[in-house]
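Start counting the sequence shown at 189; every next residue gets the next number (the numbering used here). Note that beta-carbon positions come from the ideal geometry of N, C-alpha and C, so glycine has one too. A quick write-up on the structure given underneath.
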Amino acid sequence: MVSEEEIAKLSSGSPVDGRFLVARKELRDTRAGKKFLDLTLMDRTGRRVTARVWDEAATIAEGFEQGDVVTVVGKAEKYREELQLRLARVEAVPPEEADPTEFLPRTKKDMKALEARLAEVVKSIEEPHLRELLLSLFQDEEFRGRFGAAPGAKVLHHAYVGGLCEHTVEVVELCEKAAEVFPELDRDLLVTAAVLHDIGKMEELSWGTAFDYTDAGKLVGHLVLGERLVRERAEKGEGFPEELKLRLSHMILSHHGTGEFGSPKAPMTAEAIALHHAEDLDAKVNMFLGEIERAREQGRRWTERHFLLGRSLYVGEGESEDDAD
Numbered sequence: 189m190v191s192e193e194e195i196a197k198l199s200s201g202s203p204v205d206g207r208f209l210v211a212r213k214e215l216r217d218t219r220a221g222k223k224f225l226d227l228t229l230m231d232r233t234g235r236r237v238t239a240r241v242w243d244e245a246a247t248i249a250e251g252f253e254q255g256d257v258v259t260v261v262g263k264a265e266k267y268r269e270e271l272q273l274r275l276a277r278v279e280a281v282p283p284e285e286a287d288p289t290e291f292l293p294r295t296k297k298d299m300k301a302l303e304a305r306l307a308e309v310v311k312s313i314e315e316p317h318l319r320e321l322l323l324s325l326f327q328d329e330e331f332r333g334r335f336g337a338a339p340g341a342k343v344l345h346h347a348y349v350g351g352l353c354e355h356t357v358e359v360v361e362l363c364e365k366a367a368e369v370f371p372e373l374d375r376d377l378l379v380t381a382a383v384l385h386d387i388g389k390m391e392e393l394s395w396g397t398a399f400d401y402t403d404a405g406k407l408v409g410h411l412v413l414g415e416r417l418v419r420e421r422a423e424k425g426e427g428f429p430e431e432l433k434l435r436l437s438h439m440i441l442s443h444h445g446t447g448e449f450g451s452p453k454a455p456m457t458a459e460a461i462a463l464h465h466a467e468d469l470d471a472k473v474n475m476f477l478g479e480i481e482r483a484r485e486q487g488r489r490w491t492e493r494h495f496l497l498g499r500s501l502y503v504g505e506g507e508s509e510d511d512a513d
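Listed below in structure tokens is the structure:
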């Protein structure tokens, strides 16, 4: 039996008998007009594999939907040098026996350690209004739960459960270092903005059976959603200085740097430019490391050409027949 966690171990001819999440489902027609099922299945590590059902496809398709956890039986085979599954049976697992969120990729870091670090940072803020703002959010159990579960993005960086918390802590650490190198920076403001810069992603993204954008995420975006949430919470605090509120709002809205990447304003304070570069550094390094890890797992010396980066990345030593683009 091949379990839901072993897509990476499959090879041509391997029998398949296990649970997967249906990430994509299409009932299509062959050139001869025969129905077949074209599926993408995902295991609990987040790996995906194409699967096909050729016999009784229409009947089998009625038994499950995209987003369901299913039990499948079949075998692995190669098609045009790509591994795919040829399935004889696909059956939905009863909802009470399956949790689709378990099939989403998750941070490899210790979530308790990340959450403890954030709590430590909140306690370190000396400016009373910023400290109270952070406490009002992170002492809210529902907020803390969603913050810990949210991905950092749909695809590009930290795109896994717990990714938002991981990304936030990493940006905080970079900003702490920046404040040490540049003592002229307002450390409390910079670190507070680092903690809060991406909280709009809790409304921008959904993570039920897959990572996707909400309607608010598509129409408004996480920078504006986050700034709105922070401003509304700050205004509930007694005597929150308008100047401090304005500087914090600016940092959240400008942390992507330019309008090309979603910021309505470019950074215009020293703390804002420090936050922007810390956030960009963390996102880009995470993106690079993810691409390199995937290529290394495949024994490649170079990654595939990345659509956003516009280049392949060097992996290093390892057997590969692929060259750089």
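- Here DSSP, grouped into helix, strand and coil, assigns residue 262 to strand.
- For residue 296, the secondary structure class from DSSP, reduced to helix, strand or coil, is coil.
- Taking a cut-off of 8 Å for Cβ pairs, the stretch 301-311 and the stretch 237-256 do not touch, as fewer than three such pairs fall below it.
- The C-beta separation of residue 373 from residue 381 comes to about 11 Å, leaving the pair out of contact by the 8 Å criterion.
- Three or more beta-carbon pairs separated by less than 8 Å link the stretch 327-342 to the stretch 382-396, which places the two stretches in contact.
- Per DSSP, residue 289 is not a residue of any beta strand (DSSP E), being assigned neither H nor E.
- Annotation: the continuous alpha helix (DSSP H) that includes residue 384 extends over 375-384.
- With respect to residue 476, residue 317 sits apart: the two C-beta atoms are not nearer than 7 Å.
- Residue 364 and residue 378 have their C-alpha atoms spaced approximately 8 Å apart.
- Cα atoms of residue 453 and residue 347: separation of roughly 26 Å, rounded to the nearest angstrom.
- Taking all protein chains shown into account, residue 196 has fewer than 16 neighbouring C-beta atoms within 10 Å of its C-beta and is therefore exposed.
- Distance from the CA atom of residue 221 to the CA atom of residue 260, rounded to whole angstroms, is 25 Å.
- Counting only runs of at least 4 residues, the stretch 217-258 fully encloses the following alpha helix (DSSP H) elements, listed from N- to C-terminal order: 245-249.
- For the pair residue 402 and residue 393, the Cα-to-Cα distance works out to about 6 Å.
- In the structure shown, residue 213 falls within a strand segment according to DSSP collapsed to helix, strand and coil.
- About 11 Å separates the beta carbons of residue 463 and residue 451, which is beyond the 8 Å limit, so they are not a contact pair.
- With 16 or more neighbouring CB atoms inside 10 Å of its own CB, residue 272 falls in the buried class.
- Scanning 213, 412, 445 for the CA closest to the CA of residue 224 turns up 213.
- Put simply, of 345, 319, 276, 330 the residue whose alpha carbon is nearest the alpha carbon of residue 480 is 345.
- In the displayed model, residue 499 falls within coil according to three-state DSSP, outside both helix and strand.
- When secondary structure is reduced to three states using DSSP, residue 316 falls in the helix class.
- Counted as a single uninterrupted DSSP element, the stretch harbouring residue 338 is not any alpha helix (DSSP H), since DSSP gives it neither H nor E.
- If you draw a straight line from the Cα of residue 319 to the Cα of residue 253, it is about 46 Å long.
- When DSSP states are grouped into helix, strand and coil, residue 282 belongs to the coil group.
- Judged by DSSP secondary structure, residue 200 falls outside any alpha helix (DSSP H); it is assigned neither H nor E.
- Residue 227 sits away from residue 249, with the two beta carbons spaced by 7 Å or more.
- Residue burial annotation: residue 270 is exposed, with fewer than 16 other C-beta atoms found within 10 angstroms of its C-beta.
- Excluding five sequence positions before and after residue 417, the CB atoms of its chain that fall closer than 8 Å to its own CB belong to 387, 388, 391, given in chain order.
- In this structure, the straight-line span from the alpha carbon of residue 421 to that of residue 485 is close to 45 Å.
- Between residue 203 and residue 263, the C-beta spacing is below 7 Å.
- Counting along the chain, the unbroken alpha helix (DSSP H) around residue 476 starts and ends at 458-485.
- Pairing residue 458 with residue 284, the inter-Cα distance amounts to about 52 Å.
- Between residue 501 and residue 493, the alpha-carbon positions lie close to 8 Å from each other.
- When rounded, the separation of the alpha-carbon atoms in residue 439 and residue 357 is 17 Å.
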